[in-house]
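Enquirer: Residue numbers (UniProt numbering): 1 to 144.
From the three backbone atoms N, C-alpha and C, an ideal C-beta is built for every residue, glycine too.
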Amino acid sequence: MRGLMMRVSQLRRQPERGSVQLFLILTVVTLVVVVGLVVDGGGKVQLATDAQHVASSAARAATNAISAETVAGHALSIDALLATQVAEDYIENADMTGTVSVDGATITVTTEAVYATRFVSLIGISTLTVSGTATASLIDGPTG
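1) Assign Asp40 to buried or exposed, taking buried as 16 or more other Cβ atoms, counted over all protein chains shown, within 10 Å of its Cβ.
2) Less than 7 Å separating the beta-carbons of Ala75 and Ala62?
3) Answer yes or no: do Val54 and Ala87 have a C-beta to C-beta separation smaller than 7 Å?
4) Relative to the C-alpha of Ile139, which candidate in Ala113, Leu122, Thr106, Ile25 has its C-alpha closest?
5) Could you give the DSSP three-state label for Gly43: helix, strand or coil?
6) Given Ala136, which residues of its chain have a CB within under 6 Å of its CB, disregarding the five upstream and five downstream residues?
7) Between Ser80 and Val102, how many whole angstroms is the CB-CB distance? I'm expecting something under 8 Å.
8) In chain order, what residues of the same chain lie with their CB nearer than 8 Å to the CB of Glu92, ignoring the 5 residues before and after it?
9) Determine the extent of the beta strand (DSSP E) in which Thr108 is found, giving its start and end residues.
10) Is the distance from the Cβ of Ala113 to the Cβ of Met96 below 7 Å?
11) For Ala48, which of helix, strand or coil comes out of DSSP?
12) Is Leu24 helix, strand or coil by DSSP?
13) For Val33 and Val45, what's the separation of their Cα atoms in angstroms?
14) Considering only the alpha carbon of each residue, which of Gly42, Gly124, Ala65 lies closest to Ile78?
15) In this structure, what does DSSP give as the bridge partners for Ala134?
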């Protein structure tokens with residue numbers, strides 16, 4: 001009992017004892033959270049940029065799938081099945097998923113990718129999904 005009374009007496013003389021430890025722990029936790037947000041946020045932005053680039057490149061590649069009639073000298077048109085296959089192959093080779101739609105001479109590609117988080121998974125966010133969309137059109141050469 002006497003030891004307890006001495007401890008209470010010491011705490012009364014030094015009421016802020018241990019407050020530096022608490023401040024240090026809170027600061028370290030805050031810094032880890034900020035670093036985690038920067039790392040995972042940067043990773044998500046990079047993957048979103050990649051998804052946009054893949055969508056743009058797949059749409060451009062698909063416009064090269066001109067129809068046999070165009071090759072024979074007839075009207076400029078896209079072979080929709082071939083264009084879709086070309087764009088889907090491009091997306092698959094980039095390890096992403098996506099959709100392709102062909103409307104006349106316009107091709108729209110949407111890609112999607114999933115970023116596996118490194119730090120924010122500690123708070124329950126294990127993945128972040130990003131997407132990219134691009135449209136490319138088949139145009140006739142200069143006229144005049």
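Expert: Let me spell this out:
1) buried
2) no
3) no
4) Thr106
5) helix
6) Ala59, Arg60, Thr63, Ile107
7) Contrary to the premise, residue 80 reads as Ala rather than Ser in this sequence. With 8 Å as the limit, Ala80 and Val102 qualify as a contact, their Cβ atoms being about 4 Å apart.
8) none
9) 106-116
10) yes
11) helix
12) helix
13) 18 Å
14) Ala65
15) Val109
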